[in-house]
Amino acid sequence: MPKLSARHEFISFEASLTPHSSLLTATRSPNSTFLPKKEMNPAAGFSLMEVLVAVMILGIVYATLFGLMSGSLKNVSRIEEREKVVKYGEMKLNELVIKARQGNLRQVFSGRFDDRHSWQARLDTYDTGEEITKSSPYFVVRIRLSVLWSGTSQPNHYDLETLTWVRKPSPAV
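Residues 1 to 173 in the working numbering are what the sequence shown spells out, letter by letter.
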C-alpha cells in the first residue's frame with residue numbers, strides 16, 4: 001500500500017490508505033511538544049462533539065414536532081367547538097320551525113344551551129315577491145338564529161337562517 005507523508009516544521013501527518021479504512025495520524029517531530037502519536041480507530045465510537053451536535057439536532061427536531069402537535073391540538077379543539085355550535089344551532093332551528101308551524105309566532109326568542117352557549121332567534125314575515133291573497137291559508141316566515149358563546153379572546157356567534165311556510169292564525173271568534 002502506498003504511504004503518504006507530509007512533514008511540517010513541528011507536526012508531521014501520515015496517511016495510510018487501505019481498502020477498508022483510511023487513517024490520518026499526527027506525530028510530533030523531534031523538536032516539538034505535540035501529543036504523542038495516537039492512531040484513531042473509526043470503530044472506537046463517537047467523539048463528544050459529534051454526540052453534542054446529534055443531541056442538538058434531535059432537540060430541534062423534537063421541539064419542532066411538539067410545536068406542530070400543540071398547534072394541531074388547538075385546531076382540533078376549535079373544530080370540535082364549531083361542530084358543537086353547529087349541532088346546537090341546527091337542533092334549535094328545527095325546534096323553532098316546529099314551534100312556528102304550531103302557531104307560536106312570537107317575534108323574538110332566546111335561551112341557553114349550557115353555561116357557555118346561548119341563542120337568540122327572530123321571526124319575520126318574508127316577502128316572496130308574489131301577491132298573497134287574504135284567502136291564502138299560509139304565509140312565509142324567515143327564522144334567524146344566532147348561537148352565541150365566549151371564545152378565548154372575544155365573544156363569538158354563529159348565524160343560521162331558514163324560511164318556512166306557516167299557517168295563518170285563525171281569527172279569534
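In this text, a Cβ means the ideal position worked out from N, Cα and C, and glycines have one as well.
Proximity of V147 and A100 at Cβ, strictly below 9 Å: The count along the sequence shown starts at 1 and reaches residue 147 at position 147. The count along the sequence shown starts at 1 and reaches residue 100 at position 100. It is not a contact, given that the beta carbons lie outside the stated cut-off.
Whole alpha helix (DSSP H) elements within the segment 47–131, 4-residue minimum: Counting only unbroken stretches of 4 or more residues, the alpha helix (DSSP H) elements lying wholly within the segment 47–131 are 48–101, in sequence order.
Proximity winner among S118, L163 and T164, relative to K84 (alpha-carbon distances): Walking along the sequence shown from the start, residue 84 turns up at place 84. Closest by alpha carbon: S118.
Limits of the unbroken beta strand (DSSP E) element including S146: Here residue 146 refers to the residue found at position 146 when the sequence shown is read from its first residue. From DSSP, the beta strand (DSSP E) with S146 extends over Y138 to S150.
Buried or exposed by the 16-neighbour rule on C-beta atoms within 10 Å, applied to G89: Position 89 of the sequence shown holds residue 89. With 16 or more other Cβ atoms inside 10 Å of its own Cβ, G89 counts as buried.
Best match in F139, W149, N156 and E50 for proximity to T128 [C-alpha to C-alpha]: Translated into positions along the sequence shown, residue 128 becomes position 128. Checking every option, the nearest Cα to that of T128 belongs to F139.
Delimiting residues of the beta strand (DSSP E) encompassing P155: Here the question's residue 155 lines up with position 155 in the sequence shown. Residues P155 to R167.
Whether R112 touches D124 by CB criterion (9 Å): The residue given as residue 112 occupies position 112 in the sequence shown. The residue given as residue 124 occupies position 124 in the sequence shown. Not closer than 9 Å, so no.
Spatial distance of V76 from L105 (CA atoms): Mapped onto the sequence shown, residue 76 falls at position 76. Mapped onto the sequence shown, residue 105 falls at position 105. Computed Cα separation, rounded: 39 Å.
Buried versus exposed, by CB contacts within 10 Å (16 or more), A121: In the sequence shown, counting from the first residue as 1, residue 121 sits at position 121. Counting of Cβ neighbours within 10 angstroms places A121 among the buried residues, the total reaching 16 or more.
As assigned by DSSP and simplified to three states, the class of R7: For the purposes of this step, residue 7 is taken as the residue at position 7 of the sequence shown. Here R7 scores only 47 on pLDDT, less than 50, and its place in the model is too uncertain to base an answer on.
Buried/exposed call for H157, threshold 16 Cβ in 10 Å: Taking the sequence shown and counting its residues from 1, one reaches residue 157 at position 157. By the 10 Å Cβ count, H157 comes out exposed.
Cβ neighbour criterion (16 or more within 10 Å) applied to K74: For the purposes of this step, residue 74 is identified with residue 74 of the sequence shown, where counting begins at 1. Looking at its Cβ environment, which holds fewer than 16 other Cβ atoms inside 10 Å, K74 is exposed.
6 Å CB neighbourhood of E9 in its chain, flanking five on each side removed: Along the sequence shown, one-based indexing puts residue 9 at 9. Its pLDDT being 47, under 50, E9 is placed unreliably in this model, and the value from its coordinates should be taken loosely. Result list for E9: empty, nothing under 6 Å.
Cβ-Cβ distance between T162 and V86 below 9 Å: Counted from its first residue, the sequence shown places residue 162 at position 162. Counted from its first residue, the sequence shown places residue 86 at position 86. No; because the gap between Cβ atoms is not below 9 Å, this pair is not in contact.
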